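Numbering (our numbering), first residue to last: 4 to 145.
Remarks on the structure that follows.
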Amino acid sequence: MQALGCGEKGSQADSAFWQNTALRETLANIDNAQKSMTVLKKHLPKKYYRFIRFAQPKTVWYLNVEQALVATQLNWLLDDLCLRIAKDIGYAPRLRVMVKPQHWALSGFPLETIQPIKKSLPTATQADQIISDFLSRSIDYS
């Protein structure tokens with residue numbers, strides 16, 4: 004059996020993995036969510052960061068909260084927040100505040116801990132090098 008990253012078939016499999024359409028779409032969605040979170044954090048008061056989990060399944064930005072009191076406070080800010088974001092990005096996103104007490108921790112990205120970072124996909128050559136470096140360090144045949 005041939006190890007991943009070794010030989011001609013492994014190289015083709017590695018390239019296919021990095022060129023996979025589903026992987027590229029997932030990374031693009033994550034990148035889009037990170038950009039949206041950056042804009043949201045720029046205009047949202049910092050005192051709300053720890054109460055919000057951000058989700059963006061399609062065109063709506065969901066601000067998921069655990070407590071109804073926080074949701075009420077955020078609802079008062081939505082119009083102003085939407086206008087500020089629209090000035091920044093050129094369109095007004097649809098903002099929704101959702102109260103999710105049972106599943107709040109898993110309902111989206113926490114605003115206070117995630118720092119948006121630009122990630123780029125490696126080229127096929129870089130991917131092969133990364134995998135071969137990993138395999139050479141992690142497999143001990145002795």
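Positions of the beta carbon are idealized from the N, C-alpha and C atoms, including for glycine.
These figures come from a predicted structure and were not determined experimentally.
Buried versus exposed, by CB contacts within 10 Å (16 or more), residue i
i           : result
residue 20  : exposed
residue 47  : buried
residue 77  : buried
residue 88  : buried
residue 124 : exposed
Cα-Cα separation between residue i and residue j, rounded to whole angstroms
i           : j           : result
residue 42  : residue 139 : 41 Å
residue 36  : residue 67  : 14 Å
residue 75  : residue 137 : 50 Å
residue 56  : residue 50  : 14 Å
residue 107 : residue 54  : 9 Å
residue 44  : residue 61  : 19 Å
residue 109 : residue 33  : 16 Å
residue 79  : residue 97  : 15 Å
residue 69  : residue 25  : 32 Å
residue 105 : residue 30  : 28 Å
residue 132 : residue 23  : 18 Å
residue 134 : residue 38  : 29 Å
Presumed contact (8 Å Cβ cut-off) between residue i and residue j, rounded CB distance
i           : j           : result
residue 99  : residue 73  : That belief does not hold up - the Cβ atoms of residue 99 and residue 73 are roughly 14 Å apart, past 8 Å.
residue 65  : residue 111 : 7 Å
residue 114 : residue 40  : 6 Å
residue 58  : residue 102 : The pair is not a contact, with the Cβ atoms about 13 Å apart (cut-off 8 Å).
Identified DSSP bridge partners for residue i
i           : result
residue 35  : Answer is none; residue 35 lacks a bridge partner.
residue 65  : 58 and 99
residue 112 : 57
- Flag this pair as touching only if the segment 123-139 and the segment 90-110 have three or more C-beta atom pairs under 8 Å; answer yes or no. Segments in contact, no.
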